[in-house]
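Residue 1 is where the sequence shown starts when you use UniProt numbering, and the numbers rise one by one after that.
Idealized CB from N, CA, C, for every residue including glycine.
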Amino acid sequence: MRVRQIAADLAQLDGTQLNPGATDAEISEFERSNGVVLPVSFRSWLEISDGGRLFFPEGIELYGVVHPPLLELDDPYTPEGGWLVVGMMPDTDLVLVSLKGEATVVYNREGGTFDDAVRYGDFLAFLEDALRQWSD
């Protein structure tokens with residue numbers, strides 16, 4: 001399974017700390033209480049790792065539904081249009097997943113802009129690209 005291989009590859013890199021996965025019930029409760037349906041790729045990641053840190057100290061922080069830092073739906077820096085903040089890059093740009101599809105993007109919160117160079121078809125593609133960049 002693609003998500004398990006990505007998690008295994010990430011876990012082998014220095015500075016990576018993955019939280020244990022959330023249960024289906026915990027993820028479903030988050031969705032129910034917030035009135036959202038998470039993208040399939042991101043949901044599958046949460047079942048493997050409910051947040052964590054990748055490539056620290058200068059890496060990416062990912063959010064979870066059980067383990068802090070928790071996912072936020074009301075982040076004041078989030079653009080309109082159904083985006084959920086699922087992480088933060090080293091430069092404080094936000095990692096967003098679409099609540100209307102599978103897209104994952106990096107969003108410059110200070111400039112209020114999307115960077116088309118860091119737009120992915122799904123959350124797992126974002127992780128694969130991060131893995132490639134940090135393992136080089």
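* **Rounded straight-line distance, which links the Cα of Gln-12 to that of Ala-22** => 21 Å
* Asked: Does the stretch 51-71 come within contact of the stretch 102-119, defined as at least 3 CB pairs closer than 8 Å?
  -> no
* For Leu-54, name the three-state secondary structure that DSSP assigns. => strand
* To do: Return the Cβ separation of Ser-41 and Asp-122 in integer angstroms, given the expectation that the two are a contact with Cβ distance under 8 Å.
  => 4 Å
* Look at the Cβ atom of Ile-27, then the Cβ atom of Leu-127, and state whether they are nearer than 8 Å. => no
* **Burial state of Val-97 (16 or more Cβ within 10 Å)** => buried
* **Extent of the continuous beta strand (DSSP E) run through Leu-71** => That residue, Leu-71, is in no beta strand (DSSP E); it is neither H nor E in DSSP.
* To do: Please report the residue range of the alpha helix (DSSP H) in which Glu-102 lies.
  => In this chain, Glu-102 is not harboured by any alpha helix (DSSP H), its DSSP state being neither H nor E.
* Report yes if the CB atom of Val-85 is closer than 8 Å to the CB atom of Tyr-63, and no otherwise. => yes
* Asked: Looking only at DSSP bridge pairs, what is Tyr-63 linked to?
  -> Per DSSP, none; premise fails for Tyr-63.
* Beta-carbon contacts of Glu-78 that lie in its chain and below 6 Å, excluding the five residues immediately before and after -> The question names Glu, but residue 78 in the sequence shown is Thr. Within its own chain, the residues whose Cβ lies closer than 6 Å to the Cβ of Thr-78, once the five positions on either side in sequence are excluded, are Val-85, listed in chain order.
* To do: Give every residue of the same chain whose Cβ lies closer than 7 Å to the Cβ of Asn-108, excluding the five residues on either side of it in the sequence, and list them in chain order.
  => Asp-93, Asp-115
* Asked: Using the C-alpha atoms, what's the distance from Lys-100 back to Ser-44?
  -> 16 Å
* **Whole-angstrom distance between Val-65 and Phe-30, CA atom to CA atom** => 7 Å
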